[in-house]
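See below:
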């Protein structure tokens with residue numbers, strides 16, 4: 001049997017070779033392969049669910065908690081939903097080959113900046129097996145070969161999914177080696193993958209904070225990572241307080257476990273006495289726990305509030321908890337955001353034009369909102385179609401990342417014998 | 422006296438604080454500061470040249486070679502040229518604040534993708550003191566604070582230049598801390614800088630291969646590096662051979678010491694007997710040495726040719742030397758390029774439409790040419806104005822990098838109370 005290292009090297013080389021062919025495939029062929037994958041996921045339901053059962057049995061035996069078990073579990077309905085997601089990717093415009101800009105230079109050279117795939121994308125992910133189909137579809141559509149390395153606990157599910165996806169893609173006309181799945185679950189392998197900058201053009205970590213940090217710290221190639229969202233909302237004295245309450249409720253309660261949910265509410269002292277009780281009343285219906293600075297605490301005592309600790313500022317709660325602070329000015333609010341934000345999404349609620357302009361000009365996060373909920377930070381909501389994740393990095397991509405963010409460009413220059421004088 | 426580490430930390434914090442103010446400055450103020458810098462470089466000529474004399478004396482005493490001494494030397498004329506380069510940057514359009522795209526979403530949210538500075542840029546460079554003014558101007562115009570760390574051999578020159586630049590920038594209305602120069606020349610400091618990903622958003626190495634590799638290997642933040650240019654030119658059987666000869670001469674001879682000069686000539690076997698002697702005749706006028714594969718050697722023996730070694734393929738010569746190989750097809754040429762290219766610039770000379778289309782579609786380098794010299798790969802030639810360097814990376818930027826490549830974007834979303842359903 002081959003060693004772990006051999007498996008990785010062989011598959012990476014195969015992916016690299018396939019990536020050149022994949023980069024040239026027409027949209028038609030890629031879409032046909034995607035539809036074939038979607039059909040395969042449903043047609044091969046039996047095998048996939050049987051493999052998933054093995055993972056589930058092992059996970060239960062090892063004492064995995066309920067939430068994790070639920071994330072691991074596949075059934076007929078979930079496979080249909082995964083197939084639908086693949087069809088959605090098929091329906092998106094193909095970013096490859098787009099002319100980003102083009103012009104004729106004074107010497108007659110015709111200069112074009114053309115969108116092309118990145119090459120080979122490595123994906124390191126945990127538990128949820130749907131990442132296998134999801135990211136394979138996004139890579140395929142953007143013309144990139146992909147090397148998938150999933151978590152140990154989902155090995156049988158991922159392996160079965162990868163087999164179905166590879167065969168279906170090949171049936172649709174895509175080189176089978178364009179999608180690679182690493183069977184070995186040795187830990188050492190992740191470190192090896194992160195060193196393969198000659199073979200892998202980009203690494204995407206999909207999973208918890210620890211995994212993402214490990215990848216960022218050790219990768220020798222660029223990393224496209226979704227960052228934590230420590231989201232702030234500042235309510236200005238001129239705000240429409242009903243609107244502020246509605247938005248605060250939506251941003252905190254509608255889906256508290258995601259990165260674009262509200263974490264910290266900043267309220268101007270001029271309106272805190274009126275505004276905070278309005279919001280606290282709505283929030284308390286959803287049992288939101290408030291961690292308050294001393295001034296907010298004075299206003300909110302008696303409701304579901306307690307004193308904030310230093311750790312509550314700059315904390316991503318991912319739960320029905322919010323930090324609350326009274327500030328004396330827009331500047332103080334923006335200072336707080338600059339200090340504690342993770343650069344994901346921040347909002348101001350105001351009717352003051354100058355405050356809105358200053359906030360959007362000066363707050364340096366991926367997404368800056370006026371009078372809207374931070375929950376809109378999402379590829380689908382922004383009209384990008386499917387999404388690879390939400391970047392809090394500043395390089396290459398910021399905010400929701402769609403298919404375009406899995407591409408780069410090349411310059412194509414057509415001449416008629418020009419030489420440099 | 423403060424320790425090295427303290428100097429770096431203090432200056433990085435100051436740069437970070439200044440970067441927020443700098444990001445908001447109007448184009449008018451930034452341009453005024455740039456003009457003030459240009460004037461300062463000429464007005465303070467005496468101090469700068471005196472400081473440079475100290476570096477030159479030390480360098481001569483330490484036995485530095487002539488070419489290096491010439492790169493280190495500053496005089497009145499060179500300072501004027503540096504001042505002119507700064508004025509050129511002042512005249513370029515400001516990338517900051519540009520709306521990259523904008524649209525209204527179905528729910529009425531107004532979505533804008535707006536260009537913003539990256540923040541703080543660290544620059545690690547060697548010998549040439551003109552990098553100090555050059556890169557300071559590019560960073561200032563793109564709204565980024567900069568931390569400069571030059572080579573030991575140019576310490577006095579760089580320090581004098583930085584002093585003039587900082588004071589002139591401040592006189593023009595830019596926060597003085599937006600431009601930082603590290604006085605300490607301890608080696609340890611580079612490693613420390615590369616770990617400061619909280620304070621420094623991007624690192625630019627400017628210098629030799631070793632410096633660039635060290636930075637790429639050890640930086641914890643993104644790196645914007647200029648890569649080696651191993652440039653290929655393939656002459657197709659249908660090529661206009663006079664044009665091919667003219668372009669081969671220009672690409673190899675016009676400036677052989679730069680990255681976009683030709684390194685490897687690939688000629689189709691159908692025309693090699695006619696084409697190679699034509700090119701060899703022109704090249705021999707400039708004393709170009711040819712390192713030939715066996716088939717090219719057969720045709721070229723007697724002229725300035727010798728057998729190529731394995732090391733000649735995929736080698737950047739930076740001199741009047743070229744590798745020469747006869748191939749039997751476009752596919753063989755493209756295979757050779759895929760294997761040996763550094764992804765910088767490649768050209769095909771052809772009158773065959775299909776060959777030109779395949780070459781531009783399939784060769785995956787930053788710049789792909791038809792019937793033109795690779796020497797055009799240059800920010801100025803591409804109409805980008807000044808240039809930070811030429812990227813052979815695939816992430817963020819490819820090919821010539823201008824002011825835009827020193828920026829990122831943020832999403833600005835203007836609403837009227839929208840919440841997520």
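Protein chains in written order, with my numbering: chain A, 1 to 421; chain B, 422 to 842. Yeah, the Cβ is synthetic: ideal placement off N, Cα and C, and Gly gets one too.
- Between the beta-carbon of residue 621/B and that of residue 642/B there is about 6 Å, and that keeps the pair under the 8 Å contact cut.
- A distance below 8 Å between beta-carbons, with the five flanking residues on each side excluded, links residue 434/B to the following residues of its chain, in chain order: 620.
- Taking the Cβ atoms as the reference, residue 259/A lies roughly 6 Å from residue 390/A, within the contact range of under 8 Å.
- Chain-ordered, the chain B residues with CB closer than 7 Å to the CB of residue 373/A read 839, 840 and 841.
- Within chain A, the residues whose beta carbon sits less than 7 Å from that of residue 664/B are 417, listed in sequence order.
- Between the beta-carbon of residue 839/B and that of residue 530/B there is about 6 Å, and that keeps the pair under the 8 Å contact cut.
- With contacts defined by Cβ atoms closer than 8 Å, residue 696/B and residue 662/B form a contacting pair.
- With a cutoff of 8 Å on beta-carbon distance, residue 705/B and residue 747/B are scored as not near each other.
- Residue 133/A counts as buried, since no fewer than 16 other beta carbons sit within 10 angstroms of its beta carbon.
- For residue 281/A and residue 246/A, the gap between their C-alpha atoms comes out near 11 Å.
- For chain B, none of the residues of the stretch 293-324 of chain A brings a beta carbon within less than 8 Å of one of its beta carbons.
- Judged by beta-carbon spacing, residue 541/B lies within the 8 Å limit of residue 440/B, meaning their Cβ atoms are closer than that value.
- In the structure shown, residue 518/B adopts coil according to DSSP, grouped into three states.
- Counting C-beta pairs with one atom in each stretch, the stretch 389-406 of chain A and the stretch 355-367 of chain A have three or more that are closer than 8 Å, which means they touch.
- Taking 9 Å as the upper bound on Cβ-Cβ separation, chain A lies near residues 781, 782, 783, 784, 785, 786, 787, 788, 789, 790, 791 and 792 of the stretch 780-792 of chain B.
- Interface criterion not met: the Cβ of residue 761/B is under 8 Å from no Cβ in chain A.
- With respect to the 8 Å criterion, residue 148/A and residue 202/A are not classified as neighbours on the basis of their beta carbons.
- Taking CB atoms only, residue 411/A has a neighbour in chain B less than 8 Å away.
- If you compare the alpha carbons of 729/B, 723/B and 601/B with that of residue 712/B, the shortest gap goes to 729/B.
- DSSP places residue 684/B outside any alpha helix (DSSP H); the residue lies instead in the beta strand (DSSP E), whose first and last residues are 683-689.
- One finds 419 and 420 in chain A with Cβ atoms closer than 8 Å to the Cβ of residue 675/B, taken in chain order.
- Taking a beta-carbon distance threshold of 8 Å, residue 773/B does not count as an interface residue toward chain A.
- Around the C-beta of residue 647/B, 16 or more other C-beta atoms lie within 10 Å, and the residue is accordingly described as buried.
- Here residue 484/B is exposed, its C-beta having fewer than 16 other C-beta atoms within 10 Å.
- Per DSSP, residue 708/B is not a residue of any alpha helix (DSSP H), being assigned neither H nor E.
- Residue pairing of residue 820/B in beta bridges, as defined by DSSP: 812/B.
- Checking the DSSP bridge columns, you'll see residue 233/A partnered with 265/A and 347/A.
- Considered as a whole, the stretch 601-664 of chain B harbours 609-616 and 630-639 as its complete alpha helix (DSSP H) runs of no fewer than 4 residues, in chain order.
- Residue contact check for residue 626/B against chain A: no CB pair falls below 8 Å.
- Judged by their CB atoms, residue 157/A and residue 129/A are nearer to each other than the 8 Å cut-off.
- Taken atom to atom, the span from the alpha-carbon of residue 39/A to that of residue 52/A is near 19 Å.
- Residue pairing by DSSP places residue 418/A opposite 793/B in a beta bridge.
- Listed along the chain, the chain B residues whose CB falls inside 7 Å of the CB of residue 201/A are 815.
- The Cβ atoms of residue 458/B and residue 583/B do not sit closer than 8 Å to each other.
- In the displayed model, residue 21/A falls within a helix according to three-state DSSP.
- Contact annotation, residue 25/A with residue 403/A: C-beta distance approximately 15 Å; criterion of less than 8 Å not satisfied.
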